[in-house]
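Peer 1:
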Amino acid sequence: MPTTALGAFLVARRAQLTPGDVGLTASGTRRVAGLRREEVAVLAGVSVDYYTRLEQGRERNPSASVLDAVARALDLDADARDHLFRLADVAPGSGPTPPTRPQVDQGLRELLDAWPDTPAIVIDRRLDLLAGNALADAFYSDFTEPDNLVRMTFLDPAGGTFFVDWRRGAETCVANLRLALGHDPHDRRAHELVEELSAASPEFRRLWQRNDVRGKTHEPKTFRHSVVGELTLTYHAFDVRGAAGQQLIVYRAEPSSRSSEALRLLGSLAVSHWLS
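Written out as structure tokens, the structure reads:
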């Protein structure tokens, strides 16, 4: 059994591949799902003994070239490859550890408020909501405490309704959180969040054990707000310069669409609520 986070990650990713996925011909009876260690070793160009030590946590100092080869053998995408390197403590340019309680620059807060027609938020790697404009507050108003996207997805009763494709959103949240721990394996607050979710949600536990890692993407997402109904929005994620791990997320509706009208209505309601 793996004794390190690196070993657990390798085992989980190996289990998700079939010989056909990596151009091999399956042979013999397979007692477990996924590739065999021998097959990964051959694809990576390392000995079976070396790869076994890597999975079991007995090889502590793999080189960058070996990790590159293993990443190719396991067909890892860019996010997963970077995560692999960080788990092995050889990730380049990881940068300083962010503060325990991240602060959002005042100028960035003012920029959020300058966008009254689109929800905009600032999050950290743990998916904590650090700041948002008035429309974002209205957008997330169905949640009891909109403080963390993972907690909102799995623990808040509104999550199952608000995220129309809940399963897809849940998988993404967990993969994003796993990526956060790759950046800082000693992040106490991230570990506490994982423990909290694992204790409260069997589905979170199942997804966490898959060891998927993924950064933010730009595909459209559909939400269901209790007041204005369904909205399909795209979004862009921007790294905040000078604030390690912070991202600015800006949502956008297709012009002249029903979602655009729903956002406009939500903004009007938010202004009315603020003025009352």
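Each residue of the sequence shown is one higher than the one before, starting from -19 at the first, in my numbering.
In this text, a Cβ means the ideal position worked out from N, Cα and C, and glycines have one as well.
Across the segment 18 to 33 and the segment 211 to 224, are there enough close Cβ pairs to call them in contact, namely three or more that are closer than 8 Å?
Peer 2: Judged by Cβ distances under 8 Å, the segment 18 to 33 makes no contact with the segment 211 to 224, as fewer than three pairs qualify.
Peer 1: Can you say whether residue 35 is buried or exposed, counting buried as having 16 or more other CB atoms within 10 angstroms of its CB?
Peer 2: The residue in question, residue 35, is buried, as its Cβ has 16 or more Cβ neighbours within 10 Å.
Peer 1: Which value, in whole angstroms, describes the spacing of the CA atoms of residue 51 and residue 206?
Peer 2: So the two alpha carbons sit approximately 44 Å from each other.
Peer 1: Consult DSSP for residue 144 and reduce its assignment to one of helix, strand or coil.
Peer 2: Of the three classes helix, strand and coil, the one that applies to residue 144 here is coil, per DSSP.
Peer 1: What number of angstroms, rounded off, separates the C-alpha of residue 256 from the C-alpha of residue -10?
Peer 2: Bear in mind that a pLDDT of 46 at residue 256, under 50, signals an unreliable position, so the number given afterwards is only what the model happens to contain. Residue 256 and residue -10: Cα-Cα distance of roughly 55 Å.
Peer 1: Applying the criterion that 16 or more other CB atoms from any shown protein chain within 10 Å of the CB defines a buried residue, is residue 209 buried or exposed?
Peer 2: Exposed, since its Cβ has fewer than 16 Cβ neighbours within 10 Å.
Peer 1: Which of the three DSSP states, helix, strand or coil, is assigned to residue 216?
Peer 2: Strand.
Peer 1: Could you tell me whether the Cβ atoms of residue 157 and residue 107 are closer together than 9 Å?
Peer 2: Contact flag set, yes.
Peer 1: Pop quiz: residue 118 and residue 101 are said to be a contact at Cβ under 8 Å. What is the actual Cβ separation, rounded to whole angstroms?
Peer 2: About 12 Å; that fails the 8 Å criterion.
Peer 1: Quick check: what's the CA-CA separation for residue 11 versus residue -13?
Peer 2: Between residue 11 and residue -13, the C-alpha separation is close to 20 Å.
Peer 1: Please classify residue 150 as buried or exposed, where buried requires at least 16 neighbouring CB atoms within 10 angstroms.
Peer 2: Buried.
Peer 1: Got a sec, what are the start and stop residues for the beta strand (DSSP E) residue 230 sits in?
Peer 2: Start and end: 227 to 233.
Peer 1: To the nearest whole angstrom, what separates the beta carbons of residue 204 and residue 144, a pair I think is in contact under 8 Å?
Peer 2: That pair is a contact at about 5 Å.
Peer 1: Under three-state DSSP, which class holds residue 249?
Peer 2: Looking at residue 249 - three-state DSSP - the assignment turns out to be helix.
Peer 1: State the DSSP-derived secondary structure class of residue 22, mapped to helix, strand or coil.
Peer 2: Correct three-state label for residue 22: helix.
Peer 1: Please classify residue 154: does DSSP put it in a helix, a strand, or coil?
Peer 2: Helix, per DSSP.
Peer 1: Is the CB-CB distance between residue 232 and residue 213 below 9 Å?
Peer 2: Their beta carbons are under 9 Å apart, which means residue 232 touches residue 213 by this criterion.
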